[in-house]
Amino acid sequence: MAKEESAGTGVALEASRRGKMRKIEELGFDPWGQRFDNHLSLGTIRARGEEIRVCDEAGNAVPVPTFIEWVAKVHPELVGQITPETPQEQIDRAVLKEYHALCETQTGPKVRAAGRIILQRKKGKLIFLDIRDWSGRIQILIGANQVGETNWELAQCFDLGDIVGVDGELRKTKTGELSIFAEQLHFLCKSIETPPAKFHGLTDPELRSRLRYMDLVHTDGVLERMLNRTKIVHSVRNTLACEGFVEVEGPTLHTIAGGAAARPFTTHHNALDIPLVLRIALELHLKRLLVGGIERVYELGRVYRNEGIDQTHNPEFTMLEVYQAYGDYRSMMDLTEKIITGAIKAIHVGCGVEQGDVEQGGVGKESPFVIPWGGKTIDFTPPFARKTYAELFREHTGIDPADDEAVVRYAESIGLETGGDNAGNNAGKTGGKDLDVLRNDIFEAKVEASLIGPVFVMDYPASICPLTKRKRNDPAIAERFELFVHGMELANAYTELNDPDLQETLFNRQLEGQKAEESMARMDHDFIRALRHGMPPAGGLGIGIDRLAMILTDTPSIREVILFPLQRPEPGATGTPELPGMRQT
């Protein structure tokens with residue numbers, strides 16, 4: 000019964016809006032709007048509030064004082080008796096009248112604005128609207144006597160969600176609210192659907208992601224967060240341009256799922272009659288460009304992995320991969336710091352936070368690189384901490400990673416599958432799982448979550464890094480780092496392997512105990528051929544842009560920084576989902 004009543008209400012609300020749409024047409028306006036030039040963003044208009052003037056007792060044009068400022072100047076005897084918290088009914092009416100008379104002398108700039116109606120209040124011959132655009136919101140004051148009969152009739156047809164334009168004078172109301180006092184109204188688009196109720200709508204995370212267009216309009220902070228993500232991406236490009244890198248666009252459809260350890264999405268090209276996969280990484284084509292002589296190259300684009308969905312994973316995500324000829328993984332550490340600190344500056348999230356507030360404690364000076372995260376803080380002031388994989392392994396497990404027997408016993412003690420009952424042999428295996436695979440299982444289980452960071456974890460076991468150059472003095476160690484922040488991997492970088500013979504061998508090696516989708520053992524003969532022509536020594540870096548946006552905007556879920564995260568289809572979806580608490584006006 001409740002569902003039927005709700006459906007009936009929805010039909011009635013739509014019918015009311017369509018009736019107003021017909022009235023708008025009768026008044027001679029296009030309900031879907033036309034070109035609307037020369038309007039200013041609401042943020043720009045608000046900034047022009049400084050231009051508003053009133054005439055003081057000497058006849059001088061001065062900025063509009065607040066009521067408290069005016070009292071201090073004109074009625075100093077009342078200072079202390081009247082505060083910002085004093086209710087109006089407790090203030091002498093004569094004093095209020097005198098201040099309101101001053102406000103009546105206001106003159107302000109003429110402005111033109113456009114935005115979506117998010118709040119509407121009617122009071123006799125006055126209508127108060129709040130409109131919003133992507134730069135902010137502002138109040139519109141529509142007076143029947145000020146806008147004329149036709150405009151007043153048009154205003155009666157306004158609903159929440161409609162997009163309107165206004166020409167008017169920017170002034171302040173008697174309560175000090177910056178407002179556009181309307182002189183001419185314009186209708187730009189009718190909203191047929193009823194928006195969610197202010198306090199009861201769009202609270203369900205699934206519905207918010209599905210109706211992101213509504214989420215952007217009606218959920219506080221969402222639009223700002225998504226625009227900050229755009230600023231982060233722009234900053235990344237600017238930083239790389241300043242460092243001399245060029246951006247390229249590689250293919251999205253690959254014949255081989257290379258460059259990462261992940262399960263791909265598969266498809267088929269009908270004309271060529273060949274199976275294809277969506278790319279799981281950007282790496283191998285960018286390295287081909289190093290061979291071709293593009294010495295500083297990057298791509299910032301979508302990659303696709305047919306894997307699970309959780310707080311930090313989405314099947315399609317944005318990846319930055321950067322390659323620098325004649326660099327190494329230490330070059331990439333320096334570049335990573337520049338990229339992240341540049342992005343923090345771009346969105347201004349760190350200003351005014353004290354270094355002494357950082358989770359590790361201590362007292363220090365103010366830093367623009369200390370940012371909030373989940374009720375705590377992260378200090379991105381460079382240089383970031385640098386620790387080796389082995390020292391962190393020992394620190395968090397209490398065992399030496401080089402002690403094979405101790406590694407196996409520890410793995411068994413925390414419930415990890417070792418693949419056998421005996422400790423290592425000459426191949427570095429347990430009974431069925433490679434010891435380096437087992438070490439990394441322990442590292443992921445016991446170390447990563449404890450890394451507050453930002454910390455560069457350096458020098459990984461070489462056998463789990465098949466695209467990475469080995470240390471000259473210890474071929475068992477790969478020149479690789481991962482950047483961790485509060486247990487989350489944010490970046491991954493190598494000194495790139497450019498030995499074609501070793502690369503070919505590693506492509507053919509599947510480590511025992513390693514799942515196929517976690518292995519990079521996929522032969523790419525053309526990539527080997529490219530290396531045989533000679534790739535300069537290089538450093539390579541990958542940064543997950545979605546995770547970077549999560550950290551820098553203090554957002555706990557990756558789905559909240561992706562405009563349209565992957566979702567199941569709506570059950571029996573043939574129309575619009577019913578929104579909770581729909582509003583009539």
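Quick note: the sequence shown uses our numbering, first residue 0, plus one each step.
Ideal Cβ positions, reconstructed from N, Cα and C, are used throughout, including at glycine.
Buried or exposed, going by whether 16 or more other CB atoms sit within 10 Å of the CB of residue i?
i, result
"ASN439", "buried"
"ASP399", "exposed"
"PHE455", "buried"
"GLY397", "exposed"
"GLU298", "buried"
"ARG471", "exposed"
"LEU271", "exposed"
"THR653", "Residue coverage of the chain in this structure runs from 0 to 584, which leaves residue 653 outside it and unanswerable."
"ALA401", "exposed"
"LEU252", "exposed"
"PRO75", "exposed"
"VAL10", "exposed"
"GLY533", "exposed"
"ALA113", "buried"
"VAL78", "exposed"
"PRO195", "buried"
"ARG224", "buried"
"ARG278", "buried"
"LYS468", "buried"
"ARG546", "buried"
"PRO86", "exposed"
"SER462", "buried"
"THR106", "exposed"
"THR104", "exposed"
"GLU495", "buried"
"ASN150", "buried"
"PRO570", "exposed"
"THR82", "exposed"
"LYS72", "exposed"
Which whole-angstrom value is the C-beta distance of residue i and residue j, which I expect to be below 8 angstroms?
i, j, result
"ASN313", "PRO263", "Their Cβ separation, rounded to whole angstroms, is 15 angstroms, which puts ASN313 and PRO263 out of contact at 8 angstroms."
"GLN145", "GLU182", "7 angstroms"
"GLY258", "GLU282", "3 angstroms"
"GLY541", "ASN491", "5 angstroms"
"PHE186", "GLY32", "6 angstroms"
"GLU336", "PRO382", "6 angstroms"
"ASP55", "VAL63", "Not a contact, Cβ separation roughly 10 angstroms."
"ILE51", "LEU169", "6 angstroms"
"LYS432", "HIS395", "The pair is not a contact, with the Cβ atoms about 21 angstroms apart (cut-off 8 angstroms)."
"ILE126", "ILE137", "Contact doesn't hold; Cβ gap of about 15 angstroms is too wide."
"ARG228", "VAL484", "Their Cβ separation, rounded to whole angstroms, is 17 angstroms, which puts ARG228 and VAL484 out of contact at 8 angstroms."
"LYS124", "ALA154", "In fact, because the Cβ distance is near 11 angstroms, the residues do not count as touching under 8 angstroms."
"ASP523", "ILE255", "5 angstroms"
Just the C-alpha distance for residue i and residue j, rounded to the nearest angstrom, thanks.
i, j, result
"GLN513", "LEU434", "Low confidence applies here, because GLN513 scores a pLDDT of 49, under 50, leaving its location unreliable; read the following figure in that light. So the alpha carbons of these two residues sit roughly 11 angstroms apart."
"ARG558", "LYS386", "31 angstroms"
"ARG329", "ALA384", "13 angstroms"
"SER366", "ARG479", "29 angstroms"
"GLN119", "GLY538", "57 angstroms"
"LEU565", "ASN507", "34 angstroms"
"GLU84", "THR174", "13 angstroms"
"ALA410", "HIS268", "45 angstroms"
"VAL205", "GLU13", "The question names Val, but residue 205 is Glu in the sequence shown. Their Cα atoms are separated by approximately 25 angstroms."
"LYS189", "ALA324", "55 angstroms"
"VAL165", "PHE180", "9 angstroms"
"PRO465", "SER234", "31 angstroms"
"HIS217", "LEU201", "8 angstroms"
"VAL369", "TYR98", "44 angstroms"
"HIS586", "VAL163", "No answer is possible for residue 586: the residues shown for the chain start at 0 and end at 584."
"ILE116", "SER134", "14 angstroms"
"ALA46", "ILE141", "21 angstroms"
"ARG17", "ILE191", "7 angstroms"
"PRO555", "GLY307", "17 angstroms"
"TRP372", "ASP378", "10 angstroms"
"PHE198", "ASP219", "Confidence in PHE198 is poor, its pLDDT being 49 and thus under 50, which makes the residue's placement unreliable; the coordinate value appears in the next sentence. The alpha-carbon atoms of PHE198 and ASP219 are separated by roughly 11 angstroms."
"VAL296", "GLU481", "20 angstroms"
"LYS19", "SER40", "27 angstroms"
For the region 485-503 and the region 524-539, state whether three or more C-beta atom pairs, one from each stretch, are separated by less than 8 angstroms.
-> A contact exists between the region 485-503 and the region 524-539.
Taking three-plus beta-carbon pairs below 8 angstroms as touching, is the region 200-217 in contact with the region 245-259?
-> By the criterion of at least three beta-carbon pairs nearer than 8 angstroms, the region 200-217 is not in contact with the region 245-259.
Sequence ranges, beta strand (DSSP E) only - wholly within the region 450-530, length at least 3 | Those beta strand (DSSP E) runs which fall completely within the region 450-530 and span 3+ residues are 454-460, 473-484 and 487-494.
Report the residue ranges of all beta strand (DSSP E) runs contained in full by the region 83-166; include only those spanning at least 3 residues, in chain order.
-> Secondary structure within the region 83-166: the beta strand (DSSP E) runs of 3 or more consecutive residues, fully enclosed, are 109-122, 125-132 and 135-142 (chain order).
Quick one: which unbroken beta strand (DSSP E) runs of 3-plus residues sit fully inside the region 239-269? Chain order, please.
-> Scanning the region 239-269 from its first residue to its last, the whole beta strand (DSSP E) runs of 3-plus residues come out as 265-268.
Can at least three beta-carbon pairs, one atom from the region 283-291 and one from the region 224-240, be found at a separation below 8 angstroms?
-> Touching, no.
In chain order, which beta strand (DSSP E) runs of at least 3 residues are fully inside the region 311-353?
-> Those beta strand (DSSP E) runs which fall completely within the region 311-353 and span 3+ residues are 315-324.
4-residue-minimum alpha helix (DSSP H) runs that sit fully inside the region 26-80, ordered along the chain | Restricting attention to alpha helix (DSSP H) runs no shorter than 4 residues, the region 26-80 encloses them at 41-46 and 66-73, ordered along the chain.
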